[in-house]
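Chemist: Numbering (my numbering), first residue to last: 4 to 211. C-beta: ideal position from N, C-alpha, C; glycine also. Sharing a structure here in structure tokens format.
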């Protein structure tokens, strides 16, 4: 059973996750202000239960992800289709890279240093393992599967449920450089949903 602090934190996380984006997939200023007010209210309630030692901060998601492509032209062509499909809007496309923003984050695809051109991603090497985008429904996962098939993407695993959280449903695929990508849908409160079965602590084989 969650302690009072955990319950308050859970409510805060749920509020942040439920914050909606506009039609252009950008976060409106009023959404940011509303979220900020909710966070401050939660923080005032949590302050008495926080360990002493100074101020704390609470992040508001992941601002952006930058992926260096070994074969930039192929990667750009791939992400030029994938990112708009996911609801992100292009804000940059020049000699520096291709950048889209939406869904409370940004994704930048950039060129490699000359000595690394043509190299492929190695998932088990130190650093990034994979990138996962959050969908809003199981139907979105099925639609993504059809889109990726039409795109000719390398699909590692078709949509299925995993034991990461109650109802966790996802698809795994790769970009042209072998960067592992995922789109998932998690209903309810995910790993914080104490009304459902416990999260499977064993990594599914499909993650390997």
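With a threshold of 8 Å, are at least 3 pairs of Cβ atoms found where one atom belongs to the stretch 180-192 and the other to the stretch 130-143?
Modeler: Judged by Cβ distances under 8 Å, the stretch 180-192 makes contact with the stretch 130-143, as three or more pairs qualify.
Chemist: Where does residue 161 sit, in a helix, a strand or coil, going by DSSP?
Modeler: Strand.
Chemist: If we count Cβ pairs, one from each stretch, closer than 8 Å, do we get three or more for the stretch 145-156 versus the stretch 103-111?
Modeler: No: fewer than three Cβ pairs fall under 8 Å.
Chemist: May I ask you to check if the CB of residue 136 is nearer than 7 Å to at least one heavy atom of the ligand HEM?
Modeler: Of the ligands one can find in the structure shown there are none, so the ligand HEM has no counterpart to examine.
Chemist: Do you know how far the Cα of residue 193 is from the Cα of residue 112?
Modeler: Spanning the two alpha carbons is a distance of roughly 30 Å.
Chemist: In whole angstroms, what is the alpha-carbon distance linking residue 68 and residue 149?
Modeler: Residue 68 and residue 149: Cα-Cα distance of roughly 25 Å.
Chemist: Would the stretch 177-186 and the stretch 124-134 be scored as touching if the rule is three or more Cβ pairs under 8 Å?
Modeler: Flag = yes, the stretch 177-186 and the stretch 124-134 touch.
Chemist: What does the alpha-carbon distance come out to for the pair residue 29 and residue 107?
Modeler: Any reading at residue 29 needs caution, since the residue's pLDDT is 37, under 50, leaving its predicted position unreliable; the model's value is listed next. Going by the C-alpha atoms only, they are around 7 Å apart.
Chemist: On a CA-only basis, which of 82, 73 and 110 is nearest residue 66? Give me that one, please.
Modeler: Nearest C-alpha to residue 66: 110.
Chemist: Where residue 151 and residue 88 are concerned, what is the direct C-alpha to C-alpha distance, given to the nearest angstrom?
Modeler: Those two C-alpha atoms are separated by around 10 Å.
Chemist: Since residue 130 and residue 73 are thought to touch, with beta carbons under 8 Å apart, how far apart are those beta carbons, to the nearest angstrom?
Modeler: Actually they do not touch by this definition, with Cβ atoms about 14 Å apart.
Chemist: Using the C-alpha atoms, what's the distance from residue 82 back to residue 166?
Modeler: Going by the C-alpha atoms only, they are around 29 Å apart.
Chemist: Which runs of the beta strand (DSSP E) fall wholly inside the stretch 117-158 and span at least 3 residues, in chain order?
Modeler: Complete beta strand (DSSP E) runs here, min 3: 134-137.
Chemist: Less than 8 Å between the beta carbons of residue 78 and residue 169, yes or no?
Modeler: Going by C-beta atoms, residue 78 is not nearer than 8 Å to residue 169.
Chemist: Rounding to the nearest angstrom, what Cα-Cα distance links residue 96 and residue 177 in this structure?
Modeler: So the two alpha carbons sit approximately 22 Å from each other.
Chemist: Just mark residue 212 as buried or exposed, buried being the case when its beta carbon has 16 or more other beta carbons within 10 Å.
Modeler: No statement about residue 212 is possible, as the shown extent of the chain runs from 4 to 211 and does not include it.
Chemist: To which residues does DSSP link residue 109 through a beta bridge?
Modeler: According to DSSP, residue 109 bridges with 104.
Chemist: To which residues of the same chain is residue 196 closer than 6 Å at the C-beta, ignoring the five residues directly before and after it?
Modeler: Around residue 196: 169.
Chemist: So the candidates are 59, 128, 162 and 125; which of them puts its Cα closest to the Cα of residue 143?
Modeler: Ranking 59, 128, 162 and 125 by Cα distance to residue 143 puts 162 first.
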